[in-house]
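Protein sequences appear in the order of chains R and Y.
Per the numbering used here, residue 117 is the first one in the first sequence, and the count goes up by one each step.
Per the numbering used here, residue 117 is the first one in the second sequence, and the count goes up by one each step.
There are 2 protein chains.
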Amino acid sequence: MAVVVMKFGGTSVANVDRIKNVARHVKREFAAGNKVAVVLSAMAGTTNQLVEWVREISPLYDAREYDAVVASGEQVTAGLLAIALQAEGIPARSWQGWQIPIETDAAHGAARIAEIDGSHLRERIDTGEVAVVTGFQGIEPETGRIATLGRGGSDTSAAAVAVAIKADVCDIYTDVDGVYTTDPRIVPLARRIPKISYEEMLEMASLGSKVLQTRSVELAMVYGLRLRVLSSFAEPDSLPPVEIGNLENIGTTVCSEDEIVETQVVSGIAYAKDEAKVTILKLEDKPGVAARIFGPLSKAAINVDMIVQNVTPDGAHTDMTFTVQAAELPRALEVIDKVKQDLGNFEVKSSDDVVKISIIGIGMRSHAGVAAKMFQTLSDKGINILAISTSEIKVSVLINADYAELAVRALHEVYGLDAK
Amino acid sequence: MAVVVMKFGGTSVANVDRIKNVARHVKREFAAGNKVAVVLSAMAGTTNQLVEWVREISPLYDAREYDAVVASGEQVTAGLLAIALQAEGIPARSWQGWQIPIETDAAHGAARIAEIDGSHLRERIDTGEVAVVTGFQGIEPETGRIATLGRGGSDTSAAAVAVAIKADVCDIYTDVDGVYTTDPRIVPLARRIPKISYEEMLEMASLGSKVLQTRSVELAMVYGLRLRVLSSFAEPDSLPPVEIGNLENIGTTVCSEDEIVETQVVSGIAYAKDEAKVTILKLEDKPGVAARIFGPLSKAAINVDMIVQNVTPDGAHTDMTFTVQAAELPRALEVIDKVKQDLGNFEVKSSDDVVKISIIGIGMRSHAGVAAKMFQTLSDKGINILAISTSEIKVSVLINADYAELAVRALHEVYGLDAK
Chain R
117 MAVVVMKFGG TSVANVDRIK NVARHVKREF AAGNKVAVVL SAMAGTTNQL VEWVREISPL
177 YDAREYDAVV ASGEQVTAGL LAIALQAEGI PARSWQGWQI PIETDAAHGA ARIAEIDGSH
237 LRERIDTGEV AVVTGFQGIE PETGRIATLG RGGSDTSAAA VAVAIKADVC DIYTDVDGVY
297 TTDPRIVPLA RRIPKISYEE MLEMASLGSK VLQTRSVELA MVYGLRLRVL SSFAEPDSLP
357 PVEIGNLENI GTTVCSEDEI VETQVVSGIA YAKDEAKVTI LKLEDKPGVA ARIFGPLSKA
417 AINVDMIVQN VTPDGAHTDM TFTVQAAELP RALEVIDKVK QDLGNFEVKS SDDVVKISII
477 GIGMRSHAGV AAKMFQTLSD KGINILAIST SEIKVSVLIN ADYAELAVRA LHEVYGLDAK
Chain Y
117 MAVVVMKFGG TSVANVDRIK NVARHVKREF AAGNKVAVVL SAMAGTTNQL VEWVREISPL
177 YDAREYDAVV ASGEQVTAGL LAIALQAEGI PARSWQGWQI PIETDAAHGA ARIAEIDGSH
237 LRERIDTGEV AVVTGFQGIE PETGRIATLG RGGSDTSAAA VAVAIKADVC DIYTDVDGVY
297 TTDPRIVPLA RRIPKISYEE MLEMASLGSK VLQTRSVELA MVYGLRLRVL SSFAEPDSLP
357 PVEIGNLENI GTTVCSEDEI VETQVVSGIA YAKDEAKVTI LKLEDKPGVA ARIFGPLSKA
417 AINVDMIVQN VTPDGAHTDM TFTVQAAELP RALEVIDKVK QDLGNFEVKS SDDVVKISII
477 GIGMRSHAGV AAKMFQTLSD KGINILAIST SEIKVSVLIN ADYAELAVRA LHEVYGLDAK
């Protein structure tokens, strides 16, 4: 017997038939004697429609009212699934954020979960009732207002509920059957990764593999919660029910590094297309110049990712390249234009025709030459590197978008990730 | 300065433009210094869609989960209107049933409001903030579950909120500009009634004039709350803001009889098309036979309206005619079929090709011959009366549906209701 949280996203509950399909997934666990809480997103498209209405009425909307509106989609799917489960003979009850409660901070529209008292929910689950919980939403206890976690927040809700009810595993059902060594649409030989560490998954998640929301992985890491990525499109009866000690037979298990016996030097290759590059040329090279560029960007809440700086041959000037989210490029250029008035003449070039490719693996910590192999491989293919950034377990390079597929395929092969 | 509750139904908030139009109605009151609470329905069509999903998943749905699902529509419109008001520069906040709270009994799907503590809402309104309240829903305090009031329940929510915050008037905005002496589509000379008593309105409401929900009028009557019926399709700036002592210049005010100086003998003519007639022929005439027919119908929660009984010329048998809601006719016939096994052979005939026409007026109490005039008028037109029922302030007749328009027109003229 295991305590299981099952999370289903918008495409998995997109209509009545899909909701009935989710009920069959839950039935499989229930029939095996597992105790189940389900966390749901809104029907695919619903949240977009609600957001559109809010924006049509007022682009400068009040975030608390925005939250009251957009949180309604999860209320619908949670109630419908509870009914679908009851129709299958399974006792079930829906729970909205405020009913549990899932307490959040006051950052409406992008709130963080502050606390969940899971004791009542756990009691109900222990009686054999399935709890169907609305993802994406909670309540801000000071004002009693509904707060939402931001797009993709249901993964985080699922992880937080799993921690709160002391679940053995949190299964995230998606439209893929696990985390792959890279995007199988680009590399047909990509393999499903049976086990991946929290750290690697965090890098994968934040670098463009949109399988799991970053915050849900962070939460799982902090509390030592096992996450799994499974496919909701699999025939419900084709999957084995959760059995502790035998989780890796399907999907991808995200867990502590200690639980992974056979570590890879490189576990996966991620790419992020929504990057834009800004290059500042002929900037006067004097102390504090970087701060005077990046300070205002930070104040404008623009996230700068990779930064490369070179001194020009004359020694008096410096060239600087950095990347931002493509969507934030226009705002970034506006900020820099203002800085120009302070810092004197420099040239600015920008392009969103770039892609960030990353190799990720906890094995890097103990292996030398991993980055060098990457650079050599790209060089062999004639691919120019525009910027580099590294962390303990990843190396990222910025390259021209035209070479994205070529780079990913070459790296996937050279690090031995291709399926045999 | 007045404290005003404004209620808008589904067609008045059917899309973003209509919601902005509602905001302008509210702005008119706000600008005049009135304190405002708004009560809203869901967008037209939304609740039907939600109900359809519930039924598709399971015809035997759990009423508590049904309520969780269908209550979401009002949450959306309330949030959107709050944003629309803020965009007009008016401080506003949305309130769901559980946030106020609006406490109900446990009859999910058709709950009754048990209590509203309006003190916090009133405090907020007194600060100049407009409260936007979700109609149709509340919370059952024992279980903490959302409960809905049944279709059309937003009128009742509005009246109950008005009582709770001690409002001076509750304005119900609809697609008509008031209550008419009869349906203007049938009688072009029908007139708007500036003032009508609660008792008359109750008869009008329950007899087929679907302008106001019955329960909202009952509530208003018990608490002496003034209700008005106004048009939400009127240009917002064309209506005068609420001014106590000068309410009857527009719409229809529903108020206590004492406030009506000039009472009519007959105030209005109502008709109800959704009636069905059941006739039982050659029933053995013995004591208790009526109870053995109507007892089982009552147990099956089938509401019987008009009842007529005759003894046949041989004195041994009796014929009985009664009416039920047309939608309940099949179930009623089933019940009677079972009774037949007990009561022996009788003949059953039924028809839903009938209509109930009623004349309504508090003046009837002190005037004789009102009913006689009705019967004579119908007789003059060659219309056969199938059944009659009366109360202190109304007379209803059942006639063949073919004569409905003819009857309404003739009665409207004979009681002096035609516009000059």
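Think of the CB as a built atom: it goes at the ideal place given N, C-alpha and C, for glycine as much as any other residue.
These figures come from a predicted structure and were not determined experimentally.
Distance between beta carbons of Met320 (chain R) and Ile476 (chain R), contact taken as under 8 Å:
Position 360 of the first sequence, counting from 1, holds the residue named residue 476 (chain R). Position 204 of the first sequence, counting from 1, holds the residue named residue 320 (chain R). Met320 (chain R) and Ile476 (chain R) do touch by the CB rule: their CB atoms are close to 6 Å apart, below 8 Å.
Please go through the stretch 135-182 of chain Y and give each complete alpha helix (DSSP H) segment of 4 or more residues, from N-terminal end onward.
The DSSP assignment places 162-173 as complete runs of the alpha helix (DSSP H) inside the stretch 135-182 of chain Y, in order along the chain (cut-off: 4 residues).
For Ser273 (chain R), return the contacting residues in chain Y, with the cut-off set at a CB-CB distance below 8 Å.
Position 157 of the first sequence, counted from the start, is the residue given in the question as residue 273 (chain R). Residues of chain Y with a Cβ closer than 8 Å to the Cβ of Ser273 (chain R) do not exist, since the nearest Cβ in that chain sits about 17 Å away.
I want to verify the contact list: residues of chain Y whose CB lies under 7 Å from the CB of Leu210 (chain R), in sequence order.
Along the first sequence, one-based indexing puts residue 210 (chain R) at 94. Per the sequence presented here, residue 210 (chain R) reads as Ser, with Leu not at that position. Within chain Y, the C-beta atoms nearer than 7 Å to that of Ser210 (chain R) come from Glu181, Ala184, in chain order.
Just to confirm the assignment, what range does the alpha helix (DSSP H) spanning Asp221 (chain Y) have?
Taking the second sequence and counting its residues from 1, the one referred to as residue 221 (chain Y) is at position 105. Careful: Asp221 (chain Y) lies outside any alpha helix (DSSP H) and carries neither H nor E.
Return helix, strand or coil for Ala203 (chain R), following the three-state DSSP convention.
Counting from 1 along the first sequence, the entry for residue 203 (chain R) is found at position 87. Residue state, collapsed to three classes: helix.
Any chance the CB of Pro175 (chain R) is under 6 Å from a heavy atom of the ligand FMN?
The ligand FMN is not part of this structure, which contains no ligands at all.
Contact list for Ala200 (chain R) against chain Y, beta-carbon separation under 9 Å:
Working through the first sequence from its first residue, we reach residue 200 (chain R) at position 84. Within 9 Å Cβ-Cβ: Ile173, Ser174.
Taking 7 Å as the cut-off, decide whether the C-beta atoms of Ile216 (chain R) and Leu237 (chain R) are in contact.
As a working note, residue 216 (chain R) is residue 100 in the first sequence. As a working note, residue 237 (chain R) is residue 121 in the first sequence. Contact check for Ile216 (chain R) against Leu237 (chain R) passes: the beta carbons are separated by less than 7 Å.
Euclidean distance between Cα positions of Glu364 (chain R) and Val345 (chain R):
In the first sequence, counting from the first residue as 1, residue 364 (chain R) sits at position 248. In the first sequence, counting from the first residue as 1, residue 345 (chain R) sits at position 229. Glu364 (chain R) and Val345 (chain R) have their alpha carbons spaced roughly 10 Å apart.
Quick one: Cα of Leu459 (chain R) to Cα of Ser210 (chain R), how far?
Counting from 1 along the first sequence, the entry for residue 459 (chain R) is found at position 343. Counting from 1 along the first sequence, the entry for residue 210 (chain R) is found at position 94. Each residue's CA atom was taken as its position, placing Leu459 (chain R) and Ser210 (chain R) some 58 Å apart.
Please report the distance separating the alpha-carbon of Thr259 (chain Y) from that of Glu168 (chain Y).
Here residue 259 (chain Y) refers to the residue found at position 143 when the second sequence is read from its first residue. Here residue 168 (chain Y) refers to the residue found at position 52 when the second sequence is read from its first residue. Straight through space, the alpha carbons of Glu168 (chain Y) and Thr259 (chain Y) are spaced by roughly 26 Å.
For Ala203 (chain Y), would you say it is in contact with chain R, using Cβ-to-Cβ distances shorter than 7 Å as the test?
As a working note, residue 203 (chain Y) is residue 87 in the second sequence. Cβ-Cβ to chain R under 7 Å: yes for Ala203 (chain Y).
Of all the options Y:Ala520, Y:Ser505, Y:Ser273, which has the alpha carbon lying nearest to the alpha carbon of Ala187 (chain Y)?
In the second sequence, residue 187 (chain Y) corresponds to position 71, counting from 1. The candidate whose alpha carbon is nearest that of Ala187 (chain Y) is Y:Ser273.
Please name the residue in Y:Thr437, Y:Glu375, Y:Asp468 whose C-alpha comes closest to that of Pro446 (chain Y).
Here residue 446 (chain Y) corresponds to residue number 330 of the second sequence, with the count starting at 1. Relative to Pro446 (chain Y), the option among Y:Thr437, Y:Glu375, Y:Asp468 whose CA is nearest is Y:Asp468.
Cβ-Cβ distance between Gly268 (chain Y) and Val155 (chain Y) below 7 Å
As a first step, residue 268 (chain Y) is located in the second sequence; it is residue number 152 there, counting from the start. As a first step, residue 155 (chain Y) is located in the second sequence; it is residue number 39 there, counting from the start. Not in contact: Gly268 (chain Y) and Val155 (chain Y) (Cβ atoms no closer than 7 Å).
If we count Cβ pairs, one from each stretch, closer than 8 Å, do we get three or more for the stretch 289-303 of chain R versus the stretch 323-343 of chain R?
Cβ pair count under 8 Å is three or more, so yes.
Counting only beta-carbon separations shorter than 7 Å, does Leu269 (chain Y) have a partner in chain R?
In the second sequence, counting from the first residue as 1, residue 269 (chain Y) sits at position 153. Per the sequence presented here, residue 269 (chain Y) reads as Gly, with Leu not at that position. By this cut-off, Gly269 (chain Y) is not an interface position.
Cβ-based neighbour list, Glu316 (chain R), same chain, cut-off 8 Å, excluding 5 preceding and 5 following
Locating residue 316 (chain R) in the first sequence gives position 200, where the first residue counts as 1. Excluding residues within five positions, the ones whose Cβ falls inside 8 Å are Ser383, Gly384, Ile476, Gly477, Ile478, Ile509.
The stretch 125-139 of chain R touching the stretch 346-362 of chain R, judged by at least three CB pairs closer than 8 Å
Yes, they touch.
Tell me the rounded alpha-carbon separation between Arg171 (chain R) and Thr162 (chain R).
Locating residue 171 (chain R) in the first sequence gives position 55, counting from the first residue. Locating residue 162 (chain R) in the first sequence gives position 46, counting from the first residue. The straight-line gap separating the alpha-carbon atoms of Arg171 (chain R) and Thr162 (chain R) is approximately 14 Å.
Determine, for Val129 (chain R), whether the minimum Cβ-Cβ distance to residues of chain Y falls below 7 Å.
Within the first sequence, the letter at position 13 stands for residue 129 (chain R). Not one chain Y Cβ lies under 7 Å of Val129 (chain R).
Could you give the uninterrupted runs of the beta strand (DSSP E) lying entirely in the stretch 454-501 of chain Y, keeping only those of 3 residues or more?
Those beta strand (DSSP E) runs which fall completely within the stretch 454-501 of chain Y and span 3+ residues are 463-476.
For the putative contact between Gln179 (chain R) and His141 (chain R), defined by C-beta atoms under 8 Å, what is the C-beta separation to the nearest angstrom?
Looking up residue 179 (chain R) in the first sequence gives position 63. Looking up residue 141 (chain R) in the first sequence gives position 25. According to the sequence displayed, residue 179 (chain R) carries Ala and not Gln. That pair is no contact at about 34 Å.
As a quick exercise: from R:Lys415, R:Val185, R:Pro310, pick the residue whose alpha carbon is nearest that of Ile376 (chain R).
As a position in the first sequence, residue 376 (chain R) is number 260, starting the count at 1. Relative to the Cα of Ile376 (chain R), the nearest Cα in the group R:Lys415, R:Val185, R:Pro310 belongs to R:Pro310.
Within 10 Å of its beta-carbon, does Glu378 (chain R) have 16 or more other beta-carbons around it, so buried, or fewer, so exposed?
By 1-based counting over the first sequence, the position of residue 378 (chain R) is 262. Around the Cβ of Glu378 (chain R), a 10 Å sphere holds fewer than 16 other Cβ atoms; the residue is exposed.
Where the stretch 231-242 of chain Y meets chain R: residues whose CB sits under 9 Å from a CB there:
Listed by position along the chain: nothing, the set is empty.
Taking 7 Å as the threshold (beta carbon to beta carbon), is Ser188 (chain R) in contact with chain Y?
Locating residue 188 (chain R) in the first sequence gives position 72, where the first residue counts as 1. It does; some Cβ of chain Y falls within 7 Å.
Answer with yes or no whether the minimum CB distance from Val277 (chain R) to chain Y is below 7 Å.
Counting from one through the first sequence, the residue named residue 277 (chain R) turns up at place 161. Output row for Val277 (chain R): interface = no.
What residues in its chain sit with their C-beta under 8 Å from that of Leu355 (chain R), if we drop five residues either side in the sequence?
The residue labelled residue 355 (chain R) in the question sits at position 239 within the first sequence. Within the same chain, Leu355 (chain R) has close Cβ partners His141, Arg144, Leu346, Ile366.
Taking Cβ-Cβ distances shorter than 9 Å, what residues in chain Y pair up with Ile135 (chain R)?
Translated into the one-based positions of the first sequence, residue 135 (chain R) becomes position 19. Ordered by position in chain Y, the residues that pass the 9 Å Cβ test against Ile135 (chain R) are Trp169, Ile173.
Bridge partner(s) assigned by DSSP for Val246 (chain R):
The sequence position of residue 246 (chain R) within the first sequence is 130, counting from 1. Per DSSP, the beta-bridge partners of Val246 (chain R) are R:Ala208.
Measure the beta-carbon distance from Ser466 (chain R) to Lys415 (chain R) and round it to whole angstroms, keeping in mind my assumption that it falls under 8 Å.
In the first sequence, counting from the first residue as 1, residue 466 (chain R) sits at position 350. In the first sequence, counting from the first residue as 1, residue 415 (chain R) sits at position 299. Not confirmed; about 20 Å, so no contact.
Within 7 Å, strictly: CB atoms of Val120 (chain R) and Val249 (chain R)
The residue you call residue 120 (chain R) lines up with position 4 of the first sequence. The residue you call residue 249 (chain R) lines up with position 133 of the first sequence. No Cβ-Cβ contact shorter than 7 Å links Val120 (chain R) with Val249 (chain R).
With distances taken Cα to Cα, identify the nearest neighbour of Leu166 (chain Y) among Y:Val152, Y:Asn150, Y:Glu190.
Counting from 1 along the second sequence, the entry for residue 166 (chain Y) is found at position 50. Of Y:Val152, Y:Asn150, Y:Glu190, the residue nearest in Cα terms is Y:Glu190.
Could you give the DSSP three-state label for Met117 (chain R): helix, strand or coil?
Your numbering for residue 117 (chain R) matches position 1 in the first sequence. Secondary structure at Met117 (chain R): coil, using DSSP grouped into helix, strand and coil.
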